[in-house]
Ligand code: NDP
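Residue numbers (my numbering): 114 to 376.
Structure, rendered in structure tokens:
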């Protein structure tokens with residue numbers, strides 16, 4: 114039997130085990146998916162091999178560490194330096210990124226998106242911004258601190274911190290910070306968030322499984338919003354295809370994962 118896992122901190126909230134195990138069980142693929150709480154991202158590679166894993170997903174805050182841990186990085190993950198899916202290929206650690214395409218799938222229903230404001234500048238923001246730029250979208254980015262902004266400047270995003278933020282009009286605002294994940298914080302001071310929401314058409318959050326304070330505000334304002342569940346589904350389907358080396362049908366994987374959301 115093959116073993117897969119998700120690495121993160123926190124990781125107890127993750128729905129990935131439920132999703133992948135539903136596929137393995139119902140499509141009769143001989144594998145099991147567990148979760149691993151990891152404090153130190155530099156220990157990712159040795160933990161992966163010590164557990165005898167065939168593959169893994171990586172969540173907050175280890176996606177950049179995962180990139181550094183890989184023997185080889187393929188596809189879009191190479192462009193962004195962020196890895197959320199790991200495959201054991203003959204003892205070598207191969208890295209992929211399925212988050213960005215998962216998010217593009219999630220926002221397909223939002224029409225006429227030209228200008229996006231991204232909140233946060235971590236691994237998820239990097240993947241999404243690079244993907245948005247591939248689509249020639251205008252991207253602004255607001256982060257709590259200056260430290261991580263260089264990558265986004267080089268991508269030609271307009272970047273701000275809370276101190277120098279200049280409000281514009283946005284078709285979509287997306288929260289990629291972990292504010293609201295295990296606390297009740299907003300991704301920026303309330304005054305700024307209120308102004309942003311009042312100037313945006315659609316709202317999305319990468320966090321799933323709870324209505325974050327950010328989405329609660331959007332809901333109060335009667336806006337069209339979605340949490341990270343569809344992004345989770347999109348990235349999960351693509352990761353599972355890599356895990357089973359395309360031996361299962363994509364549509365069947367998606368169907369089983371979707372059903373697992375109802376459990
Ligand atoms: P990272 O740790 O790489 O980045 C976190 C970012 O959030 C940083 O920019 C950080 O700012 C900012 N931040 C953290 N806490 C706060 C706060 N209290 N207020 C304002 N900003 C804050 O995280 P990831 O990019 O890996 O993940 C981000 C979120 O996206 C997580 O909640 C994760 O669960 C979710 N996610 C969901 C997915 C899905 O499938 N639905 C897929 C991927 C991620 P600073 O630079 O100042 O430290």
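Built from N, CA and C at the ideal position, the CB exists for glycine as well.
Over the uninterrupted beta strand (DSSP E) stretch that includes residue i, give me the two end residues.
i           : result
residue 148 : 144-150
residue 366 : Careful: residue 366 lies outside any beta strand (DSSP E), inside the alpha helix (DSSP H) at 363-373.
residue 360 : Note, residue 360: premise wrong, no beta strand (DSSP E); not H, not E.
residue 121 : 115-121
residue 170 : 168-171
residue 226 : Neither: residue 226 is in no beta strand (DSSP E) and is coded neither H nor E.
residue 256 : 251-256
How many whole angstroms separate the CB atoms of residue i and residue j, which I take to be in contact at a CB cut-off of 8 Å?
i           : j           : result
residue 167 : residue 201 : 5 Å
residue 194 : residue 239 : 7 Å
residue 255 : residue 232 : 5 Å
residue 317 : residue 334 : Not confirmed; about 15 Å, so no contact.
residue 208 : residue 175 : Not quite, the Cβ-Cβ distance comes to about 12 Å (not below 8 Å), so this is no contact.
residue 178 : residue 154 : 3 Å
residue 286 : residue 309 : 6 Å
residue 295 : residue 123 : 6 Å
residue 241 : residue 289 : 6 Å
residue 170 : residue 125 : Actually they are not in contact, since the Cβ atoms of residue 170 and residue 125 sit about 15 Å apart, beyond 8 Å.
residue 293 : residue 325 : 3 Å
residue 378 : residue 211 : There is simply no residue 378 to check, as the chain begins at 114 and stops at 376 in what is shown.
residue 164 : residue 199 : At roughly 11 Å, the Cβ-Cβ gap does not stay under 8 Å, so residue 164 and residue 199 are not in contact.
residue 374 : residue 342 : 7 Å
residue 346 : residue 370 : 6 Å
The alpha helix (DSSP H) that contains residue i, what's its start and end?
i           : result
residue 236 : 236-247
residue 352 : 342-356
residue 180 : 176-182
residue 193 : 189-193
So, with DSSP's three-state summary, where would you put residue i?
i           : result
residue 129 : helix
residue 201 : strand
residue 158 : helix
residue 219 : helix
residue 333 : helix
residue 82  : Any question about residue 82 goes unanswered here, given that the chain covers just 114 to 376.
Could you tell me which residues DSSP puts in a beta bridge with residue i?
i           : result
residue 141 : None; residue 141 has no bridge partner.
residue 208 : 186, 199
residue 230 : 253, 286
I'd like to know if residue i contacts chain D, where contact means its C-beta is closer than 7 Å to some C-beta of that chain.
i           : result
residue 314 : No chain D is part of this structure, which consists of one protein chain only.
Exercise for the section: Kindly provide the ranges of any beta strand (DSSP E) runs that are 3 or more residues long and lie completely inside the region 261-328, ordered along the chain. Expected result: 271-274, 283-288, 313-318
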